[in-house]
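The structure appears below as structure tokens.
Pasting the structure below:
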């Protein structure tokens, strides 16, 4: 089974939502992890709220750094630009998602929905063996 890491700067919003979807949608297909490159103090409440709206509970999610996750096969960065980390892996891609933090709840919902579509596509590519 492939190991997928979703990574952004703080591991407080986009990567956490992606991990939540990965654990739900990718169950049995890939293992899902998330991490950040810098310390932060909490998972963004807006991210927790919008995931809860669709039945994914992230209330127990913890912030993690790159050193907290295992070796991976696939690295997905969320759109962190020049600060995107390097981790050894067989495949890497950047999803280029804007961080909704600090904005209205609608922005969190739009980001959540984009992440869901991308995780569904990722699952399909892993199942087909193209990743």
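In this note's numbering, the protein residues as written are -11 to 119.
Glycine included, every Cβ here is placed at the ideal spot set by N, Cα and C.
DSSP, read as helix, strand or coil, puts residue 109 in helix. A Cβ-Cβ contact shorter than 9 Å links residue 26 with residue -3. Per DSSP, residue 24 is one residue of the beta strand (DSSP E) stretching across 18 to 24.
In this structure, DSSP gives residue 82 an extended state, which the three-state scheme calls strand.
In the structure shown, residue 99 adopts helical secondary structure according to DSSP, grouped into three states.
Straight across, the Cα-Cα distance linking residue 36 with residue 114 is about 27 Å.
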